[in-house]
Amino acid sequence: DSGVTQTPKHLITATGQRVTLRCSPRSGDLSVYWYQQSLDQGLQFLIQYYNGEERAKGNILERFSAQQFPDLHSELNLSSLELGDSALYFCASSVVGFGHNEQFFGPGTRLTVL
Amino acid sequence: AQKITQTQPGMFVQEKEAVTLDCTYDTSDPSYGLFWYKQPSSGEMIFLIYQGSYDQQNATEGRYSLNFQKARKSANLVISASQLGDSAMYFCAMREGDTDKLIFGTGTRLQVFP
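Residue numbers (the working numbering), protein chains in the order written: chain A, 302 to 415; chain B, 27 to 140.
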């Protein structure tokens, strides 16, 4: 158990819908990362937050947004869902937002868009 | 351009034998970090080992060691004394400069047989 929690574990929804994925980082970790794992694209970095502020952005679609709250939990919002958004979404956390520090991954949320 | 290359889609190894999983990377930044993660069939991502670009010695963590050859830009993972529980996908990842986002390879599926 990495100490990173993600809810829900599974999510099935229809095209055009909006969903919210939730992540709680390990105790003491200030940085949260979101990754998407799909068969087509592999594992891709989406976005990073550090202590409530956006720090880095990757290949995140405009239909997707995220935030980190004062208690450091984070939410990833996916809207106008398409079939291609079906993937495993990981949240990871680390102590700081820079330098050498391993990222600890949560169990992931498996999103299926029908 | 592909930053992390894992050329072995699948590998087989007999229990108790050693196995090497290949990883090559591409970067012009003198400061970078290399990571290996394990993803069992249950889906979670487990951090295994880290090597910094300025580290003089190859990293080791228990049965895992990293064969870091800077001039060749390779960071191969060596698993000694393989166990059945080592069967999983293994991902090599890189962090460049002072960013924290990880760039992942396509992974190698390792199967350990009795």
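Where a beta carbon is used, it is the ideal one built from N, C-alpha and C, also for glycine.
In this chain, the beta strand (DSSP E) harbouring A:R323 covers 320 to 325. B:F130 counts as buried, since no fewer than 16 other beta carbons sit within 10 angstroms of its beta carbon. Under the three-state reduction of DSSP, A:L384 is assigned to helix.
Separation of A:G409 and A:C392 (C-alpha to C-alpha, rounded to the nearest whole angstrom) is 7 Å.
Within the segment 333 to 368 of chain A, the complete beta strand (DSSP E) runs of at least 3 residues fall at 343 to 351, 354 to 358.
For A:S375, DSSP records a beta bridge to A:C324, A:Q369.
Taking 9 Å as the cut-off, the beta carbon of B:R121 is found closer than this to the beta carbon of B:F61. Comparing alpha-carbon positions, the option among B:Y76, B:E43, B:S113 lying closest to B:N102 turns out to be B:Y76.
B:R121: member of the beta strand (DSSP E) spanning 114 to 122, first to last residue.
A:Y351 and B:R89 have their alpha carbons spaced roughly 33 Å apart.
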